[in-house]
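Okay, structure first, notes after.
Chains as they are written, first to last, in this note's numbering: chain A, 13 to 332; chain B, 13 to 332.
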């Protein structure tokens with residue numbers, strides 16, 4: 013686990029904006045678990061080098077442009093960094109054009125590639141959720157989990173969320189509308205799950221890994237066809253060199269089930285469909301993703317660690 | 013691990029054959045890894061009780077019948093036991109009618125439900141093998157693995173088999189026709205695999221589990237769509253209460269891949285297609301499954317343990 017003393021703030025002056033680049037005033041950065049893996053020498057994603065900035069998806073407004081595709085005042089989305097101002101290749105940014113009822117901040121929340129689109133792709137494209145499915149979601153009070161709970165409900169599933177503590181469980185069954193919540197701090201998850209879904213679960217959307225994954229595997233619907241979608245494993249990111257593999261993976265064979273991983277960008281062909289569906293949920297008030305805001309930029313390292321200590325509900329963001 | 017002293021032979025007299033039953037002279041019993049799991053108090057399959065016979069799939073000839081569906085001399089296939097003569101419900105048996113070029117023993121080999129049909133279902137129905145795929149098979153010299161190697165070659169895949177020792181590897185690349193073999197006793201499997209399949213594997217058919225599963229996960233084709241088919245985990249059957257889960261299961265997420273388990277009987281709708289394809293391979297001399305015969309029935313326990321010590325190639329059977 014990194015400590016706060018591992019991070020530092022550096023002031024730099026941006027003298028000019030070269031051709032093809034734009035200067036973005038960072039508005040909001042999305043704090044996602046994958047960021048932690050870039051701090052290892054060898055993680056899932058390209059690692060950052062010592063002394064460089066830490067990457068994070070975010071949105072901002074263009075304050076200077078040397079590219080014809082962006083004008084001052086445009087909103088832009090992309091892989092920014094822990095910065096107040098970001099000098100970016102225009103090609104690495106997507107112009108965000110808010111539609112009726114959809115705000116710029118939705119593009120790092122319910123419509124964000126690491127949040128809402130990840131949730132939709134995992135649930136729909138990979139997990140093939142069906143109406144009437146019993147869907148289990150770990151990390152249900154987190155950003156991705158919050159989206160999964162709501163999207164699954166909107167598609168007619170029965171949804172059980174796993175979260176830590178009564179406040180988060182209340183958030184999951186309250187604002188998010190899950191049918192039930194399991195407090196993993198209040199007793200054995202498998203026992204609670206077996207009581208809530210005695211015939212087993214059809215779909216498990218996993219953000220956590222570890223023992224919770226085994227509890228879910230042990231409660232897959234026996235008749236076959238259950239799906240485990242591996243989105244992440246936040247319980248294991250502190251030590252990717254010695255991950256606790258699912259001891260009960262043979263349940264997949266015993267129960268004719270599957271475990272499916274995904275890279276969200278490999279499913280870009282379906283983003284249009286996802287954005288249409290999610291935008292409609294936003295407009296009709298059927299999806300919400302409260303922001304847990306940490307500010308200013310100096311507290312970026314603290315926010316990163318909050319992801320792992322589980323102090324927040326909803327979408328953890330940093331505003332510089 | 014059971015020891016030979018855990019087993020005993022009991023003589024019983026069969027006085028009569030009740031209505032609806034038949035008496036079968038057991039010809040050949042198929043020694044399959046799942047049998048080991050029935051010796052645990054709680055395994056994959058229904059456990060046997062102390063003092064009862066141990067179940068095994070097999071074929072035999074009817075010597076007395078009190079059921080109109082079977083005549084003396086008919087060949088029958090079913091879940092028999094470690095017996096010389098089996099008194100069976102007729103409804104629990106399938107009459108085996110050998111076609112041209114297909115012998116009764118093929119029904120516990122290339123066409124057996126626990127051998128050839130398991131291989132076909134895992135490879136085709138679950139693994140969705142495609143021509144040109146790089147297919148990796150663990151336990152490639154075993155009964156299921158031998159079938160997988162040959163069926164995958166017949167469907168146009170490039171096949172790499174994993175086996176223990178030069179003799180078995182020679183069997184895999186020789187009689188079975190694999191493109192390459194990896195001797196897991198001769199060095200790190202992952203290193204050998206990376207050399208043989210530098211662009212990664214498309215399909216891994218796993219009979220073994222443990223470290224070999226991790227080596228395969230680490231070498232899945234990065235572009236996405238690779239499949240891991242979990243057929244068994246013979247390396248783990250001695251202690252199902254503390255299975256070594258795949259530490260690298262997150263490769264599924266990183267590489268947009270899936271891990272799929274199956275219960276062969278859930279795919280019974282495709283057995284007809286499988287039997288047609290495999291029978292054609294048998295008739296045209298494109299599939300072989302040598303029997304490693306242990307006899308007589310007294311050596312059944314010894315044969316069961318051979319499955320785990322890896323002393324055989326091909327289809328391990330007991331002839332009473």
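Glycine residues also receive a C-beta, built at the ideal position from the N, C-alpha and C atoms.
Under the DSSP definition of a beta bridge, residue 219 of chain A lacks any partner. Secondary structure at residue 295 of chain B: helix, using DSSP grouped into helix, strand and coil. Taking a Cβ-Cβ cut-off of 8 Å, residue 139 of chain A has no neighbours in chain B, whose nearest Cβ is about 11 Å from it. DSSP places residue 312 of chain A in the uninterrupted alpha helix (DSSP H) bounded by 312–321. Only those residues of the region 253–275 of chain B whose C-beta falls short of 8 Å from the nearest C-beta of chain A are listed: 254, 255, 256, 257, 258, 259, 260, 261, 262, 263, 264, 265, 266, 267, 268, 269, 270, 271, 272, 273, 274, 275.
At a cut-off of 8 Å, the C-beta of residue 154 of chain B has no neighbouring C-beta in chain A.
Beta-carbon to beta-carbon, residue 330 of chain B and residue 303 of chain B are separated by about 10 Å, too far to satisfy the 8 Å threshold. For residue 278 of chain A, the chain B residues whose Cβ falls inside 9 Å of its Cβ are 235, 236, 237, 268, in order along the chain. Within the region 259–303 of chain A, the complete beta strand (DSSP E) runs of at least 3 residues fall at 270–273. Closer than 8 Å to the CB of residue 242 of chain B there is at least one CB belonging to chain A. DSSP places residue 90 of chain B outside any alpha helix (DSSP H); the residue lies instead in the beta strand (DSSP E), whose first and last residues are 87–93. Given a length threshold of 4 residues, each whole run of the alpha helix (DSSP H) inside the region 132–205 of chain A is given here in chain order: 155–166, 178–185.
Against residue 245 of chain B, the close residues of chain A are 262, in the order they occur along the chain (beta-carbon pairs closer than 7 Å). Taking all protein chains in view, the Cβ of residue 170 of chain B is crowded by 16 or more other Cβ atoms within 10 Å, so the residue is classified as buried. By the criterion of a C-beta distance shorter than 6 Å, residue 270 of chain B is surrounded in its chain by 239, once the five residues flanking it on both sides are discounted.
When A:133, A:90, A:301 are compared, the shortest CA-CA separation from residue 286 of chain A is found for A:133. DSSP places residue 71 of chain A in the uninterrupted beta strand (DSSP E) bounded by 67–77. A straight-line Cα-Cα distance of about 6 Å links residue 221 of chain A and residue 247 of chain A.
For residue 33 of chain B, same chain residues with a beta-carbon under 7 Å away, outside a window of 5 residues either side, are 78, 79, 99, 100, 101, 102 in chain order. In the three-state reduction of the DSSP assignment, residue 115 of chain B falls in the coil class. Between the alpha carbons of residue 60 of chain A and residue 228 of chain A lies a gap of roughly 34 Å. In this structure, DSSP gives residue 106 of chain A an extended state, which the three-state scheme calls strand. Around the CB of residue 197 of chain B, fewer than 16 other CB atoms lie within 10 Å, so the residue is classed as exposed. Residue 16 of chain B sits in a helix when the DSSP states are folded into three classes.
Where residue 47 of chain A is concerned, the enclosing alpha helix (DSSP H) starts and stops at 46–49.
Here DSSP, grouped into helix, strand and coil, assigns residue 327 of chain B to strand. Within the DSSP secondary-structure output, residue 64 of chain A pairs in no beta bridge. The shortest C-alpha to C-alpha distance from residue 309 of chain B to any of B:39, B:30, B:215 is the one to B:39. A contact between stretches requires three or more CB pairs, one per stretch, nearer than 8 Å, and the region 255–262 of chain B fails this requirement with the region 272–289 of chain B. DSSP lists B:71 as the beta-bridge partner residues of residue 40 of chain B. Straight through space, the alpha carbons of residue 157 of chain A and residue 305 of chain B are spaced by roughly 55 Å.
Looking at A:297, A:324, A:332, A:325, the one whose alpha-carbon comes closest to that of residue 112 of chain A is A:297. If you draw a straight line from the Cα of residue 241 of chain A to the Cα of residue 136 of chain A, it comes to about 10 Å. Contact holds between the region 145–153 of chain A and the region 171–190 of chain A, because three or more Cβ pairs, one in each stretch, are under 8 Å apart.
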